[in-house]
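Peer 1: This is the structure I have questions about; it appears just below.
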Amino acid sequence: MMRLKKTILFPVLLLLCVFMSCRNFYTALQSKTFSTASSVDSLKNKNKYFILRSGDQAFYMNNIVISDDRKIVTATLDTLSPDHKLHLVNGRRSNQQYKKYDPLDKGVLNEVHFYVPTTREAKAGHSFQLPLDQVQKIEVIEKDRGRTTGSYVIGAIGYTLGAFAVAAIIIAATKSSCPFVSAYDGTDFALQGEIYGGAIYPQMVRHDYLLLKMTPLADGTLQLKITNELKEKQYTDLAQLLLIKHAPSTKMMVDEKGRLYSIGLPTSPEKAVLSDGKNLLQALQKAGDNAIAYMDDTTSGDASNTITLKFPNQKKGDEAKLVLTLKNSYWLDQLYGELAKGFGKYYPTYIKKQAKKPLADLMQWTKDQQIPLTVSIQTNHGWKHLAELTTIGPLANRNTVVPVDLTEIDDTKITIRLSSGFLFWEIDYAGLDFTLADAYSIEELNPVQATDETGMNVLSALQKEDGIYLEQPQIGNSAT
Numbered sequence: 000m001m002r003l004k005k006t007i008l009f010p011v012l013l014l015l016c017v018f019m020s021c022r023n024f025y026t027a028l029q030s031k032t033f034s035t036a037s038s039v040d041s042l043k044n045k046n047k048y049f050i051l052r053s054g055d056q057a058f059y060m061n062n063i064v065i066s067d068d069r070k071i072v073t074a075t076l077d078t079l080s081p082d083h084k085l086h087l088v089n090g091r092r093s094n095q096q097y098k099k100y101d102p103l104d105k106g107v108l109n110e111v112h113f114y115v116p117t118t119r120e121a122k123a124g125h126s127f128q129l130p131l132d133q134v135q136k137i138e139v140i141e142k143d144r145g146r147t148t149g150s151y152v153i154g155a156i157g158y159t160l161g162a163f164a165v166a167a168i169i170i171a172a173t174k175s176s177c178p179f180v181s182a183y184d185g186t187d188f189a190l191q192g193e194i195y196g197g198a199i200y201p202q203m204v205r206h207d208y209l210l211l212k213m214t215p216l217a218d219g220t221l222q223l224k225i226t227n228e229l230k231e232k233q234y235t236d237l238a239q240l241l242l243i244k245h246a247p248s249t250k251m252m253v254d255e256k257g258r259l260y261s262i263g264l265p266t267s268p269e270k271a272v273l274s275d276g277k278n279l280l281q282a283l284q285k286a287g288d289n290a291i292a293y294m295d296d297t298t299s300g301d302a303s304n305t306i307t308l309k310f311p312n313q314k315k316g317d318e319a320k321l322v323l324t325l326k327n328s329y330w331l332d333q334l335y336g337e338l339a340k341g342f343g344k345y346y347p348t349y350i351k352k353q354a355k356k357p358l359a360d361l362m363q364w365t366k367d368q369q370i371p372l373t374v375s376i377q378t379n380h381g382w383k384h385l386a387e388l389t390t391i392g393p394l395a396n397r398n399t400v401v402p403v404d405l406t407e408i409d410d411t412k413i414t415i416r417l418s419s420g421f422l423f424w425e426i427d428y429a430g431l432d433f434t435l436a437d438a439y440s441i442e443e444l445n446p447v448q449a450t451d452e453t454g455m456n457v458l459s460a461l462q463k464e465d466g467i468y469l470e471q472p473q474i475g476n477s478a479t
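When we follow numbering that gives the first Met the number 0, the leftmost residue of the sequence shown carries the number 0, and every step to the right adds one.
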């Protein structure tokens, strides 16, 4: 179990500079590894146009899906639209040039190119599986404002990298992100998830908890990495492992406050219905089966969505435990990105003003936007609020627990309601555990060594919660 405390994230918006000129150029800047690509411009929080480059062939990669182990990308290949062919010939006049006001040229600014060996398997109209270790290079096409006035530059940043880094690039091209956490699994550092989702102001500092799958080194030590993969400023005050010893018949899970619960065999819901009447029961039966309950009811006037779960009442005590496997959607990330872009050059000023507001005001704003996942239960006296789950990001599913007070329920059924805004959350699993609390013990493991990407010792910043932060302001910053 990973516990990291006291974190502040300050997202940096890249202001777009518009130059009046009829001649605009781009260039392909090469970088050998993802981890050292600190010069990479922010991969903007918007949909990218992915292109597969195989020999002299090029295809649009539609409906990209990354496998759970982050090793394979599946996409439906299609022919390129006319506005995405400019980079195939290295720009106008083969000189990395484009016309700013030509609609057939502007599409190049939103492209990501995957270079792979020539293959006969790539065909338009067919599904294509791409093992990420076969990717030779990636070019991410973006504006670079570091050129002379009167020109645009497109940074086509090439990466020669392994499967994990390729997966990270795909994620980066579709979203902004909080710190990535990876743990050594006996072979390599495997991505476990992201932390501190939504903590974008100093007042929103909080503890976060992440279950880790780890394999000790030969000397018995455990290793993990905290990395900044995108254009953000990230701060961590404490990194600590919690080693939980428990009975083999139970699993240990944590709620977002850090409280531990022993989980036996949760009971599946008998009924799961979206607010528009859609049956979601099948999607919530099993975690990791690629069946997701989407909160996509469009009939509500205020965009609110509610999933109603009904369980048999099998209570053995005064409390049960609602077990959820869930994450946020990329849609929520994109909405916030569009909100930020709408401020234009005023955005940095807006951020400074927000950073001075009381925490209660900021939290109320998130509630007004229906961003948290609100959990309620129907009691003998009406609906009772149980919890509001803060954002965890769209990178990976996370297991969480919500304690459920059963003292005011006499019915043979237990009805629980999950509420949020349109498409803000994706629910992979829901179950209600009635087993009584089991004995367990906790051992806190503090880091004995911590170095950044340059080899500098950063241990003192992570050993205790003292306001002295590990600062990761640049893409490629990491702590091991």
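The beta carbon of each residue, even a glycine, is placed where N, CA and C say it ideally should be. Please read these numbers as outputs of a predicted model, since none were measured by experiment.
#1: Measure the Cβ-Cβ separation of Asp77 and Ala121 and say whether it is below 8 Å.
#2: Using 8 Å for Cβ pairs, my map puts Tyr439 next to Met251. What's the rounded Cβ distance?
#3: From the DSSP secondary-structure annotation, give me the bridge partner or partners of Lys383.
#4: Could you pull the start and end residues of the alpha helix (DSSP H) that Gly341 belongs to?
#5: Helix, strand or coil: how does DSSP classify Tyr492 here?
#6: Kindly indicate which three-state DSSP category Thr32 falls into: helix, strand or coil?
#7: Are the CB atoms of Leu458 and Gln448 nearer to each other than 8 Å?
#8: Determine the contact status of Thr235 and Leu469, defining contact as a CB-CB distance below 8 Å.
#9: So Leu358 is in the alpha helix (DSSP H); what residue range does that whole segment cover?
#10: If the criterion is Cβ atoms closer than 8 Å, does the pair Asn304 and Met294 meet it?
#11: What's the gap between the Cα of Asn227 and the Cα of Leu242?
#12: According to DSSP, what are the bridge partners of Tyr439?
#13: What does Thr414 pair with, by DSSP beta-bridge criteria?
#14: In three-state DSSP terms, what is Ala460?
#15: For Thr307, collect the residues of the same chain with a Cβ closer than 7 Å to its Cβ; drop the 5 residues on either side in sequence, then sort them by chain order.
#16: Can you have a look at Asn61 and say buried or exposed, based on whether 16 or more other CB atoms are within 10 angstroms of its CB?
#17: Please report the distance separating the alpha-carbon of Pro402 from that of Leu321.
#18: Using 8 Å as the threshold, is the region 349 to 357 in touch with the region 282 to 301, meaning 3 or more CB pairs across them?
#19: Is the separation between the beta-carbon of Leu425 and that of Leu325 shorter than 8 Å?
#20: Tell me, to the nearest whole angstrom, how far the beta carbon of Asp410 is from that of Asn312; I am working on the premise that it is less than 8 Å.
#21: Tell me the residue span of the beta strand (DSSP E) that contains Pro215.
#22: Once you ignore the five residues that flank Ala478 on each side, which residues in its own chain have a CB closer than 6 Å to its CB?
#23: Looking at Phe113 and Leu51, is the spacing between their C-beta atoms short of 8 Å?
#24: When DSSP labels each residue in this structure, what does Gly192 get in the three-state scheme?
#25: How long is the line joining the alpha carbons of Leu129 and Gly466, rounded to whole angstroms?
#26: For the beta strand (DSSP E) holding Thr73, just list the boundary residues, first then last.
#27: Can you give me the start and stop residues for the alpha helix (DSSP H) that Tyr349 sits inside?
Peer 2: Once the coordinates are examined:
#1: Here residue 77 is taken as the residue at index 78 of the sequence shown, counted from 1. Here residue 121 is taken as the residue at index 122 of the sequence shown, counted from 1. Result no, Cβ atoms of Asp77 and Ala121 do not sit closer than 8 Å.
#2: Translated into the one-based positions of the sequence shown, residue 439 becomes position 440. Translated into the one-based positions of the sequence shown, residue 251 becomes position 252. Yes, they are in contact, since the Cβ atoms of Tyr439 and Met251 sit about 6 Å apart, within 8 Å.
#3: For the purposes of this step, residue 383 is taken as residue 384 along the sequence shown, with counting starting at 1. Ile376, per the DSSP bridge assignment.
#4: Taking the sequence shown and counting its residues from 1, one reaches residue 341 at position 342. Counted as a single uninterrupted DSSP element, the alpha helix (DSSP H) harbouring Gly341 occupies residues Tyr329 to Gly341.
#5: Since the first residue of the chain shown is 0 and the last is 479, residue 492 is not available in this structure.
#6: By one-based count along the sequence shown, residue 32 stands at place 33. Any reading at Thr32 needs caution, since the residue's pLDDT is 35, under 50, leaving its predicted position unreliable; the model's value is listed next. It is coil, neither helix nor strand.
#7: Your numbering for residue 458 matches position 459 in the sequence shown. Your numbering for residue 448 matches position 449 in the sequence shown. Yes; because the gap between Cβ atoms is below 8 Å, this pair is in contact.
#8: Looking up residue 235 in the sequence shown gives position 236. Looking up residue 469 in the sequence shown gives position 470. Closer than 8 Å, so yes.
#9: In the sequence shown, residue 358 corresponds to position 359, counting from 1. Looking at the DSSP string, the run of the alpha helix (DSSP H) that includes Leu358 is Leu358 to Asp367.
#10: The count along the sequence shown starts at 1 and reaches residue 304 at position 305. The count along the sequence shown starts at 1 and reaches residue 294 at position 295. Taking 8 Å as the Cβ cut-off, Asn304 and Met294 qualify as a contacting pair.
#11: By 1-based counting over the sequence shown, the position of residue 227 is 228. By 1-based counting over the sequence shown, the position of residue 242 is 243. One C-alpha to the other measures close to 25 Å.
#12: Residue 439 sits at position 440 when you count from the first residue of the sequence shown. Beta-bridge pairing links Tyr439 to His245.
#13: Taking the sequence shown and counting its residues from 1, the one referred to as residue 414 is at position 415. DSSP output for Thr414 lists Lys309 as bridge partner(s).
#14: Translated into the one-based positions of the sequence shown, residue 460 becomes position 461. Here Ala460 sits in helix by DSSP.
#15: Within the sequence shown, residue 307 is the residue found at index 308, counting from 1. Contacts found: Val272, Thr414 and Arg416.
#16: To locate residue 61, count along the sequence shown from 1; it is residue 62. Looking at its Cβ environment, which holds fewer than 16 other Cβ atoms inside 10 Å, Asn61 is exposed.
#17: Taking the first residue of the sequence shown as 1, we reach residue 402 at position 403. Taking the first residue of the sequence shown as 1, we reach residue 321 at position 322. The alpha-carbon atoms of Pro402 and Leu321 are separated by roughly 6 Å.
#18: Flag = no, the region 349 to 357 and the region 282 to 301 do not touch.
#19: Within the sequence shown, numbered from 1, the residue matching residue 425 stands at position 426. Within the sequence shown, numbered from 1, the residue matching residue 325 stands at position 326. Here the sequence assigns Glu to residue 425, which means Leu is not the residue at that position. Yes.
#20: Counted from its first residue, the sequence shown places residue 410 at position 411. Counted from its first residue, the sequence shown places residue 312 at position 313. With 8 Å as the limit, Asp410 and Asn312 qualify as a contact, their Cβ atoms being about 6 Å apart.
#21: Translated into positions along the sequence shown, residue 215 becomes position 216. No beta strand (DSSP E) contains Pro215, which DSSP labels as neither H nor E.
#22: Numbered from its first residue, the sequence shown carries residue 478 at position 479. If we look at Ala478 and ignore the five residues flanking it on each side, its Cβ neighbours are Ile225, Ala449, Asp451, Val457 and Leu469.
#23: Sequence index remark: in the sequence shown, residue 51 carries index 52 (1-based). Sequence index remark: in the sequence shown, residue 113 carries index 114 (1-based). Contact: yes.
#24: Locating residue 192 in the sequence shown gives position 193, counting from the first residue. The answer is strand: DSSP assigns Gly192 an E or B state.
#25: The sequence position of residue 129 within the sequence shown is 130, counting from 1. The sequence position of residue 466 within the sequence shown is 467, counting from 1. Distance between the alpha carbons of Leu129 and Gly466 is about 44 Å.
#26: For the purposes of this step, residue 73 is taken as the residue at position 74 of the sequence shown. Run containing Thr73: Ile71 to Asp77, per the beta strand (DSSP E) assignment.
#27: Against the sequence shown, residue 349 aligns to sequence position 350. Its alpha helix (DSSP H) spans residues Tyr346 to Gln353.
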